[in-house]
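By the working numbering, the letter at position 101 of the sequence shown is numbered 101, and the numbering carries on one by one without gaps.
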Amino acid sequence: MHTPVLLQQAIEKLDIKKDGLYVDATYGEGGYTKEIIKKGGKVLAIDLDIEQIQKPKFPPKMAGKKNLNLIQGNFAEIEKIAKENNFFPVDGVVFDLGLSMNQLENSGRGFSYKKLEDDLDMRLDLSQEMTAKELLRKLTVFDLTEILEKYSEEVNAKKIAKVIKNSQKMEKVKDLVLAIDKALGKKDEKTYARIFQALRIAINHEFENLEKGLAGVLKIIKKGGRIVVVTFHSLEDRVVKKFVLQNHLKFVDKKPVFGVKSFERSAKLRTIII
Ligand SMILES: C[S@@+](CC[C@H](N)C(=O)[O-])C[C@H]1O[C@@H](n2cnc3c(N)ncnc32)[C@H](O)[C@@H]1O
Numbered sequence: 001m002h003t004p005v006l007l008q009q010a011i012e013k014l015d016i017k018k019d020g021l022y023v024d025a026t027y028g029e030g031g032y033t034k035e036i037i038k039k040g041g042k043v044l045a046i047d048l049d050i051e052q053i054q055k056p057k058f059p060p061k062m063a064g065k066k067n068l069n070l071i072q073g074n075f076a077e078i079e080k081i082a083k084e085n086n087f088f089p090v091d092g093v094v095f096d097l098g099l100s101m102n103q104l105e106n107s108g109r110g111f112s113y114k115k116l117e118d119d120l121d122m123r124l125d126l127s128q129e130m131t132a133k134e135l136l137r138k139l140t141v142f143d144l145t146e147i148l149e150k151y152s153e154e155v156n157a158k159k160i161a162k163v164i165k166n167s168q169k170m171e172k173v174k175d176l177v178l179a180i181d182k183a184l185g186k187k188d189e190k191t192y193a194r195i196f197q198a199l200r201i202a203i204n205h206e207f208e209n210l211e212k213g214l215a216g217v218l219k220i221i222k223k224g225g226r227i228v229v230v231t232f233h234s235l236e237d238r239v240v241k242k243f244v245l246q247n248h249l250k251f252v253d254k255k256p257v258f259g260v261k262s263f264e265r266s267a268k269l270r271t272i273i274i
């Protein structure tokens, strides 16, 4: 299994107590959940992607036991999920945002610009109707430009949006990569990564979910509890900082802990104390 970025640091910051209750809001490959259980915590693990939940990851001894409750759901509804499962008040919550390596490499949903034959889908929640190709079909050049500028800070957003909208076919990853090449007049992997990330953020309403998720945590966490958030995007980090400011909370450390580069991005870890 791929070791998630900042795993050890995040677990240390969560300050696991034996028999404490912890929500792993982004279960993924289960790396964080496994560490929390090893340290004696009980975990409610959530993932929006049903395939992440269904894939067996733990040795049978650990899976299906009373210290792990695995739920397919959106962390935007963390309060509802925790209450429905009678899992509160909690000692800590961890959000490890973005995608897991498995989703990028093997989901077939077009999250990576390297998977040229993948369909442009990009949904984490497979029950959602809107896919990336449908979004690209529906949006006007103006709205698409706005999304690309907002979520990727792409300087060529308008040029790229125009070529996308003028393309005959926009079904597969290769169609989008070709459109970007055409707009730029060259191949540029950094631009591909930014554009793919921006579309994924838009399709999955990632920043709205994070805002709702953080607000929901306040309804289920104990005084003195900790929220650990690993972000990969400056706008995500901004959501976290705004949440702390608006709710008069405190970070444990003044500066974030920085992680090694992963999928061409660097990670930032912040710990909030309630
Ligand atoms: C970077 S991975 C987490 C990796 C995990 N910490 C591990 O140890 O393997 C992020 C996960 O969060 C999930 N996710 C993203 N948005 C979500 C949301 N709104 N609600 C629940 N899960 C979400 C993704 O499907 C993905 O599996």
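Heads up, the beta-carbon is just placed ideally off N, CA and C, and yes, glycines get one too.
Distance, residue j Cα to residue i Cα
| i | j | result |
| --- | --- | --- |
| ASN67 | GLN9 | 22 Å |
| LEU199 | LEU14 | 31 Å |
| VAL252 | VAL228 | 10 Å |
| GLN52 | TYR27 | 8 Å |
| THR231 | ALA45 | 18 Å |
| ASP47 | GLY41 | 19 Å |
| ARG238 | GLY185 | 33 Å |
| SER266 | LEU6 | 11 Å |
Residue of the options minimising C-alpha distance to residue i
| i | options | result |
| --- | --- | --- |
| ASN247 | SER234, GLY259, ILE273 and THR231 | ILE273 |
| TYR22 | LEU249, GLU236 and LYS222 | LYS222 |
| LYS72 | PRO56, LEU184, VAL90 and ILE50 | Reading the sequence as shown, one finds Gln at residue 72 and not Lys. The shortest Cα separation from GLN72 among PRO56, LEU184, VAL90 and ILE50 belongs to ILE50. |
| GLY108 | LEU269, LEU124 and PHE95 | LEU124 |
| LYS150 | VAL163, VAL90, PRO89 and HIS233 | HIS233 |
| VAL155 | ILE16, ASN85, ILE36 and ILE195 | ILE195 |
First and last residue of the uninterrupted beta strand (DSSP E) at residue i
| i | result |
| --- | --- |
| VAL94 | 90-96 |
| LEU21 | 21-24 |
| THR231 | 221-231 |
DSSP beta-bridge partners of residue i
| i | result |
| --- | --- |
| GLN72 | ASP47 |
| PHE251 | ILE272 |
| ASP119 | LYS172 |
Opening and closing residue of the alpha helix (DSSP H) in which residue i lies
| i | result |
| --- | --- |
| GLY216 | 206-217 |
| THR33 | 31-38 |
| PHE196 | 189-203 |
| SER167 | Neither: SER167 is in no alpha helix (DSSP H) and is coded neither H nor E. |
| TYR151 | 141-152 |
| LYS242 | 234-246 |
| ASN106 | 101-106 |
Cβ shell of residue i (< 7 Å), same chain only, five flanking positions each side left out
| i | result |
| --- | --- |
| VAL217 | ILE78, VAL93 and ILE227 |
| MET130 | ILE203 |
Cut-off 8 Å between Cβ atoms - residues of its own chain near residue i, not counting five sequence neighbours on either side
| i | result |
| --- | --- |
| VAL240 | LEU210, LEU214, VAL229, THR231, ARG270 and ILE272 |
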